[in-house]
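Undergrad:
6 protein chains.
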Amino acid sequence: MTTTKTALILSAHAADFVWRCGGAIALHAAMGYRVTVVCLSFGERGESAKLWKNPGMTLEVVKAARRAEAEAAAKALGVHDLICLDLGDYPLHLSQDDKMRLVDIIRDVQPSFMMSHSAFDPYNTDHMYTTQVALEARMIAQAWGHNPGQKVLGAPQLYLFEPHQTEQMGWKPDVFLDITPVWDQKRAAIECMEGQEHLWAFYTRVAQNRANHFQRNSGGQSGGRQALYAEGFQSMFPRTVDEL
Amino acid sequence: MTTTKTALILSAHAADFVWRCGGAIALHAAMGYRVTVVCLSFGERGESAKLWKNPGMTLEVVKAARRAEAEAAAKALGVHDLICLDLGDYPLHLSQDDKMRLVDIIRDVQPSFMMSHSAFDPYNTDHMYTTQVALEARMIAQAWGHNPGQKVLGAPQLYLFEPHQTEQMGWKPDVFLDITPVWDQKRAAIECMEGQEHLWAFYTRVAQNRANHFQRNSGGQSGGRQALYAEGFQSMFPRTVDEL
Amino acid sequence: MTTTKTALILSAHAADFVWRCGGAIALHAAMGYRVTVVCLSFGERGESAKLWKNPGMTLEVVKAARRAEAEAAAKALGVHDLICLDLGDYPLHLSQDDKMRLVDIIRDVQPSFMMSHSAFDPYNTDHMYTTQVALEARMIAQAWGHNPGQKVLGAPQLYLFEPHQTEQMGWKPDVFLDITPVWDQKRAAIECMEGQEHLWAFYTRVAQNRANHFQRNSGGQSGGRQALYAEGFQSMFPRTVDEL
Amino acid sequence: MTTTKTALILSAHAADFVWRCGGAIALHAAMGYRVTVVCLSFGERGESAKLWKNPGMTLEVVKAARRAEAEAAAKALGVHDLICLDLGDYPLHLSQDDKMRLVDIIRDVQPSFMMSHSAFDPYNTDHMYTTQVALEARMIAQAWGHNPGQKVLGAPQLYLFEPHQTEQMGWKPDVFLDITPVWDQKRAAIECMEGQEHLWAFYTRVAQNRANHFQRNSGGQSGGRQALYAEGFQSMFPRTVDEL
Amino acid sequence: MTTTKTALILSAHAADFVWRCGGAIALHAAMGYRVTVVCLSFGERGESAKLWKNPGMTLEVVKAARRAEAEAAAKALGVHDLICLDLGDYPLHLSQDDKMRLVDIIRDVQPSFMMSHSAFDPYNTDHMYTTQVALEARMIAQAWGHNPGQKVLGAPQLYLFEPHQTEQMGWKPDVFLDITPVWDQKRAAIECMEGQEHLWAFYTRVAQNRANHFQRNSGGQSGGRQALYAEGFQSMFPRTVDEL
Amino acid sequence: MTTTKTALILSAHAADFVWRCGGAIALHAAMGYRVTVVCLSFGERGESAKLWKNPGMTLEVVKAARRAEAEAAAKALGVHDLICLDLGDYPLHLSQDDKMRLVDIIRDVQPSFMMSHSAFDPYNTDHMYTTQVALEARMIAQAWGHNPGQKVLGAPQLYLFEPHQTEQMGWKPDVFLDITPVWDQKRAAIECMEGQEHLWAFYTRVAQNRANHFQRNSGGQSGGRQALYAEGFQSMFPRTVDEL
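Protein chains in written order, with numbering that gives the first Met the number 0: chain A, 0 to 243; chain B, 0 to 243; chain C, 0 to 243; chain D, 0 to 243; chain E, 0 to 243; chain F, 0 to 243.
1. Which value, in whole angstroms, describes the spacing of the CA atoms of A69 (chain A) and S111 (chain B)?
2. For the region 228–237 of chain B and the region 155–168 of chain B, state whether three or more C-beta atom pairs, one from each stretch, are separated by less than 8 Å.
3. Which of helix, strand or coil does DSSP assign to L76 (chain D)?
4. Is it a yes or a no for the region 89–103 of chain D touching the region 200–211 of chain F, going by three-plus beta-carbon pairs under 8 Å?
5. By Cβ distance below 8 Å, which residues in the same chain neighbour T179 (chain A) in space, the five residues on each side in sequence not counted?
6. Strictly under 8 Å for the Cβ-Cβ distance: is R44 (chain B) near chain A by that measure?
7. Applying the criterion that 16 or more other CB atoms from any shown protein chain within 10 Å of the CB defines a buried residue, is H197 (chain D) buried or exposed?
8. Taking 8 Å as the threshold, find out whether the region 71–90 of chain D comes into contact with the region 40–53 of chain D through three or more Cβ pairs.
9. Check whether the Cβ atoms of N216 (chain B) and T239 (chain A) lie closer than 8 Å to each other.
10. Between which residues of its own chain and Q109 (chain D) is the CB-CB distance below 7 Å, once the five residues before and five after are set aside?
11. For P54 (chain F), count the other beta carbons within 10 Å of its own beta carbon; 16 or more makes it buried, fewer makes it exposed. Which is it?
12. Quick check on this structure: which residue in A:E135, A:D15 and A:K49 has the alpha carbon closest to the alpha carbon of G194 (chain A)?
13. Near A118 (chain F), which residues of its chain fall below 7 Å by C-beta distance, leaving aside the five closest residues on each side in sequence?
14. Using only the alpha-carbon positions, how far apart do A133 (chain B) and V60 (chain F) sit?
15. So is E166 (chain E) in contact with chain D if we call contact Cβ pairs under 8 Å?
16. With 16 as the cutoff for other CB atoms within 10 Å, does K185 (chain E) come out buried or exposed?
17. Classify R224 (chain B) as helix, strand or coil using the three-state DSSP reduction.
18. Does M56 (chain D) have its Cβ less than 8 Å from a Cβ in chain F?
19. So T130 (chain D) is in the alpha helix (DSSP H); what residue range does that whole segment cover?
20. Taking Cβ-Cβ distances below 7 Å as the criterion, which residues of the region 121–133 of chain D are in contact with chain E?
21. Taking only beta-carbon atoms, is A142 (chain C) less than 8 Å away from chain E?
22. Would Q149 (chain F) pass as an interface residue toward chain A - the criterion being a Cβ-Cβ separation below 8 Å?
23. Tell me where the beta strand (DSSP E) around V151 (chain D) begins and ends.
24. Look at the alpha carbon of C191 (chain B) and the alpha carbon of I105 (chain B), and state the distance between them as a whole number of angstroms.
25. Identify the residues that DSSP records as bridge partners of S10 (chain D): which are they?
26. By how many angstroms is the C-alpha of K98 (chain F) removed from the C-alpha of L243 (chain A)?
27. Of all the CB atoms in chain B, is at least one closer than 8 Å to the CB of M0 (chain C)?
28. Residues in the same chain with beta-carbon distance under 6 Å from G21 (chain E), minus the five sequence neighbours each way, listed in chain order, please.
29. From F201 (chain D) to D177 (chain B), what does the alpha carbon distance come to, in whole angstroms?
30. Y158 (chain C) by DSSP, collapsed to three states: which one?
31. Would you give the residue range spanned by the beta strand (DSSP E) that G231 (chain F) belongs to?
32. Closer than 8 Å by C-beta to R137 (chain F): which residues in its own chain qualify, once you throw out the five before and the five after it? Chain order, please.
33. Buried or exposed for R224 (chain B), going by 16 or more other Cβ atoms inside 10 Å?
34. Can you give me the start and stop residues for the beta strand (DSSP E) that D85 (chain C) sits inside?
35. Step through the CB atoms of chain C and report whether any lies within less than 8 Å of the CB of K171 (chain B).
36. For G169 (chain E), which residues from the same chain have a beta carbon less than 6 Å from its beta carbon, with the 5 sequence-adjacent residues on both sides left out?
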């Protein structure tokens, strides 16, 4: 009987899992978690501007390039399984069958925790739609009457990872994770995103400033625990504990 | 060098710490925490209706009765130190000196975590005032320039314990604590509150229903972990972790 | 010309109307209201875990069992008309035709007030979807150009009944209803829900604690009006009155 | 034994009770309520610009003029008792003694309902301070241990009346009151406010537009009940009822 | 190379653009903006009660009448292009093709700013759906991979114009626009809405009271700038400036 | 007659104006604004940890060091007038006289706009207290009856500058200011804060990432306007404009 812990990341576009939770992936992978990343689309239309500026570019070429980047990044992070559903972006839409495929994945992975986008995002409706779908699929996976005989899902936390302009999304982190030990891996994964080089420095700075928040909340002026890089997450559900 | 963990509970009136976090106190005391409870007042004016209905009742008699109840409850829960500041209630008000006394207590205890009331309470302004004071005192205790030479406070979590009508207070628990192992102690402490017998059954039901929430959030229909009694808390600050 | 008052309850799954507003149904039925309950689904997939744990269980058997429970409960509560739309659950989805059927029911009933689920529910997207549909159907039923010639709908209140974990849903009751006179009926209806016996005690405790809230808000320490069982509701729309 | 109903209005400045709830006062007075209005200040500094533009104006003259206006308006509305506490404005501040005087008034009136300003007002801190004090005084008046022997207060609703720029205050009305029958009285009272003539038309328009809201919420396109003038209020506490 | 500024208004029903932003349209048209108005529907079912009360009325007649009104109003306001998509109302629904048509319009107009309804509206789900679609279409229009070769959209502000009952929609204006110079045009456009004569006076009063808010926020008691008529808007996105 | 524009910054502690709005100060000073900075305290107790770690440190030495830093920073930024009120910190408290002194300053400056801290800050009650005082003082300065004869204040915007952990404060910027032209000055001012060297890099990264937000909101993928450094602000009041 295996006791391997697992995690499931839902990424609307191919690069989101890198910027927003690459550290969490690498860190948990290093701890022995099997981390599955589902990219619902490649971000081929909406998040590949640099590629489209090349003359004669086609959708297939863009998708292939984005897939290659995602695979390289996943490898750098130690992702156990990268699943690219290729459902299209801008807008992203899941049919009932697509949703059921997602439910199958959730049941197969039986994640200890899940991750998705912020609940609100006026800049990017694909992002908030993904989280809406995540909640719906989580609910279906919990139902005894859905594909009876399969193992039903427990009650994994759904963490909302950091969106691009946090305050505009109403996103509020309630947990900071020290990703210092795996920073090199996250940076390597970031550098796989060749089409979005302007964001490499941006998200490096985000990680550095979140490390300051980590230190503040772990001790403030009394010292706290130093961290050089961190990520923040917002929990959708309450925790259950035996000690505060 | 001691490594004893500590906790500090700020209770506006003498009975609040029993109804709202008696289980957390007993549980952590059983784990070896030294738990200090500060009762800012006895609730002598506003929460002692039954006593005042006796003819000839005086403020001193009410306060003595409430103190005795609080002491008995604290003993039942394994409280390390019960400090009754006797600052008056309805309304509760702290002078600058009172606040500094509270800061001294915080620095002396060096709590691993603190607890106080909900941030909003239109029924009971003493409650929200207590949390306002808790934040102010926590801040002062963190300042290197306040009583230089004393050990400054780190960044303990401030948990807001459950108010009486949760939805009216905008209180939302993000953590549920299983208090089944210490329920007998909490019930014993509750029964020390002779003047508020109408609340015994109420808060027993709260604990039972929170146990249902504990179970749901620890596993839902897949099982989860059974709990018979639980308490819920809202965190004021983000957590810092090495594993999600 | 009839002056019978009417009410319309929209229940995502077969049992919701029992736990969440069984008292309101029985009380208004006793006052002469004709109460129509629409169950959009039987909760056959998602809220029938106990049945599914029996070997060889089928969807039809589960639905039949849930229908029988709903009918028994409706009878116990004095429901005038129980309409089971059998639209499927986990996820629940209404086609345009389904919505129009719902609009027909609303126009037929001409409810004095309507009831539905909380506006937000991260645990159960069927619930929040139902309220979204309720608002849409209410709007259509008010339109003079929808099925011209039919009597258009007025502006009935939409009450949101109590969800399972109120604080996680952002649900805030603004009215408490004393259901003491009909408690035996609600309890009888609850006991019709054989598949969810673990919730019988839970919702009995909810009713008892809401009675405490009823008493507080009707008088507090000065006495108030005693109630043994109550239900809480959140109003979606403002009231119009001639006296405050 | 008298069964006269009563109401208590807390007005930060002399004119607030006229613009914001003059209709409610006149309507309930006409129904036999004894309505007490407490003006905490005359608005002598902050809401008497027109008077101050006269050369040689003094604080005493302004206060006398504002008192006269308030008295005339109170008479026009049928106010039972107008109490001008003359506590100063811009800023308004109540000492502990001032608050106790307010508690005495509340206990004396034993209001069926209370009224005060919106809970938030970045333009006018006197307004939000008044509501803060209203909640505190209401709580003290409910305490059996405050002036034992006096009749304690029940649990009257606290209605927040309409502020000047509703959306900026986060004020949301949940009840509309038809004041058509007493509009002439409200208009007469409004015209007593000679120093703020620019607001006469403004608040007449507010009453007319609120009447539109009254009609919408009482029936919408199906008709509803016509009203020519209305006022809106936000309830601080839940209601307790026997029929929805 | 043209430097003409442009604006794009999304109106769920034919009359919305008149009541809610007619002044903004006329004012910007007068300044040389080319203003395009897209009416997603005519409001033929849900906002044409007066017409439907005529015996024998048909959908086509209603739509023609509403179209004529919209055209007359657009002319009065100086609208550059009125596009009636005739997508149906109560409920309004856009297919994927409909959305792409809207994206085409957005790309064609290249608006300096966009306008739509409030983000929430429990009375009218068509309204909030329109804003949801506006955000989605804006996002698609920004994507380099959508119809490569077309000019992509920049980042125009999305202003939410004033809904009918502002507080119930959670709508909060952050900018007031003085429409005094074009009031006659807005009033003329309003009077084109023959089917909704009961709203003429209502929205005239709204404009007058918003002018009071304009004056307050431009100077308050110190004077401010007088305005006789104004409109309020809520911005969805932050502004970018070189001077505060 | 002078037409010089002015601005007034309220800084709870000596360094806040540097981190949070140093760019806005330098930029507006360069445009000819006369910018007055009021430091309510030196942050001598709570924000001078490094100094206090020196043996034998005294309050006077800390205050002198902090004053010197503030003066140097103000000079670097082109501040017209730096006013250090020396009111004490952790906690900061203003007496009635202190508030009146602040009102005098406001009236003297007659600011085109004001700046203060976020409205909520659970880490630092001095910060939110400062904004509360700012609103109160602004209101008093607007009153014709306060020191009659003085020029009353208009209705300047109150911008809330960026707090340290934005999401925990509920702070949401609605305007981004390009401070690239004055970055060298802001960096120079930052480097005056010798006691908080750990924040130099932090706030440099904040400015860089806010520049990314500036660019996004000024054009997004279509280009937008490049900025290397920016600051964000939240407006307390609506704007009044003649063009959107």
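For each residue, glycine too, the CB sits at the ideal point set by N, CA and C. Only a predicted model underlies this, so the values are computations on that prediction, with no experimental measurement involved.
TA: Taking the coordinates as given:
1. As a first step, residue 69 (chain A) must be located in the first sequence, where it is residue number 70. As a first step, residue 111 (chain B) must be located in the second sequence, where it is residue number 112. Cα-Cα distance, rounded: 42 Å.
2. The region 228–237 of chain B is in contact with the region 155–168 of chain B.
3. By 1-based counting over the fourth sequence, the position of residue 76 (chain D) is 77. Residue state, collapsed to three classes: helix.
4. No: the two stretches stay apart, fewer than three of their Cβ pairs being nearer than 8 Å.
5. Against the first sequence, residue 179 (chain A) aligns to sequence position 180. Counting only Cβ-Cβ distances below 8 Å, and skipping sequence neighbours, we find A210, A226, L227, Y228 and A229.
6. As a position in the second sequence, residue 44 (chain B) is number 45, starting the count at 1. No Cβ of chain A is located within less than 8 Å of the beta carbon of R44 (chain B).
7. Along the fourth sequence, one-based indexing puts residue 197 (chain D) at 198. It is exposed - the Cβ of H197 (chain D) has fewer than 16 other Cβ atoms within 10 Å.
8. As far as the Cβ criterion goes, the region 71–90 of chain D touches the region 40–53 of chain D, which means the pair count is three or higher.
9. Mapped onto the second sequence, residue 216 (chain B) falls at position 217. Mapped onto the first sequence, residue 239 (chain A) falls at position 240. Yes. Within cutoff.
10. Counting from one through the fourth sequence, the residue named residue 109 (chain D) turns up at place 110. So the qualifying residues of the chain are T5, K150 and L152.
11. As a working mapping, residue 54 (chain F) is identified with position 55 in the sixth sequence. Exposed, because fewer than 16 other Cβ atoms sit within 10 Å of the Cβ of P54 (chain F).
12. For this step, residue 194 (chain A) is matched to residue 195 along the first sequence. Of the candidates A:E135, A:D15 and A:K49, the one whose C-alpha sits nearest the C-alpha of G194 (chain A) is A:K49.
13. As a position in the sixth sequence, residue 118 (chain F) is number 119, starting the count at 1. M127, T130 and L159.
14. Walking along the second sequence from the start, residue 133 (chain B) turns up at place 134. Walking along the sixth sequence from the start, residue 60 (chain F) turns up at place 61. Their Cα atoms are separated by approximately 30 Å.
15. In the fifth sequence, counting from the first residue as 1, residue 166 (chain E) sits at position 167. Yes, because at least one Cβ of chain D sits closer than 8 Å to the Cβ of E166 (chain E).
16. Taking the fifth sequence and counting its residues from 1, the one referred to as residue 185 (chain E) is at position 186. It is buried - the Cβ of K185 (chain E) has at least 16 other Cβ atoms within 10 Å.
17. Numbered from 1 along the second sequence, position 225 holds the residue referred to as residue 224 (chain B). R224 (chain B) carries a coil assignment under DSSP once its states are collapsed to helix, strand and coil.
18. Within the fourth sequence, the letter at position 57 stands for residue 56 (chain D). When Cβ-Cβ separations below 8 Å define contact, M56 (chain D) makes contact with chain F.
19. Numbered from its first residue, the fourth sequence carries residue 130 (chain D) at position 131. Following the DSSP letters along the chain, one finds T130 (chain D) inside the alpha helix (DSSP H) bounded by residues T124 to A140.
20. Within the region 121–133 of chain D, no residue has a Cβ that lies closer than 7 Å to any Cβ of chain E.
21. Here residue 142 (chain C) is taken as the residue at index 143 of the third sequence, counted from 1. Yes - at least one Cβ of chain E is within 8 Å of the one on A142 (chain C).
22. The sequence position of residue 149 (chain F) within the sixth sequence is 150, counting from 1. No, because no Cβ of chain A sits closer than 8 Å to the Cβ of Q149 (chain F).
23. By one-based count along the fourth sequence, residue 151 (chain D) stands at place 152. First-last for V151 (chain D): undefined, no H or E at that position.
24. By one-based count along the second sequence, residue 191 (chain B) stands at place 192. By one-based count along the second sequence, residue 105 (chain B) stands at place 106. When the Cα atoms are used, C191 (chain B) and I105 (chain B) turn out to be separated by approximately 27 Å.
25. Walking along the fourth sequence from the start, residue 10 (chain D) turns up at place 11. D:C38, per the DSSP bridge assignment.
26. To locate residue 243 (chain A), count along the first sequence from 1; it is residue 244. To locate residue 98 (chain F), count along the sixth sequence from 1; it is residue 99. Cα-Cα distance, rounded: 42 Å.
27. Working through the third sequence from its first residue, we reach residue 0 (chain C) at position 1. Its pLDDT being 42, under 50, M0 (chain C) is placed unreliably in this model, and the coordinates cannot settle the point.
28. By 1-based counting over the fifth sequence, the position of residue 21 (chain E) is 22. Same-chain partners within the cutoff: L76, K185 and A188.
29. The sequence position of residue 201 (chain D) within the fourth sequence is 202, counting from 1. The sequence position of residue 177 (chain B) within the second sequence is 178, counting from 1. The straight-line gap from Cα to Cα measures roughly 57 Å.
30. As a position in the third sequence, residue 158 (chain C) is number 159, starting the count at 1. The three-state reading of DSSP puts Y158 (chain C) in strand, counting E and B together.
31. For the purposes of this step, residue 231 (chain F) is identified with residue 232 of the sixth sequence, where counting begins at 1. A229 to S234 is the extent of the beta strand (DSSP E) around G231 (chain F).
32. Start at 1 with the first residue of the sixth sequence, and residue 137 (chain F) comes out as number 138. These residues qualify, in order along the chain: I105, M113, L152, P155 and L157.
33. As a working mapping, residue 224 (chain B) is identified with position 225 in the second sequence. R224 (chain B) is classed as exposed because its beta carbon has fewer than 16 other beta carbons within 10 Å across all chains shown.
34. Position 86 of the third sequence, counted from the first residue, corresponds to residue 85 (chain C). Counted as a single uninterrupted DSSP element, the stretch harbouring D85 (chain C) is not any beta strand (DSSP E), since DSSP gives it neither H nor E.
35. The count along the second sequence starts at 1 and reaches residue 171 (chain B) at position 172. Answer yes: the Cβ-Cβ gap between K171 (chain B) and chain C drops below 8 Å somewhere.
36. As a position in the fifth sequence, residue 169 (chain E) is number 170, starting the count at 1. The answer, listed in chain order, is F119.
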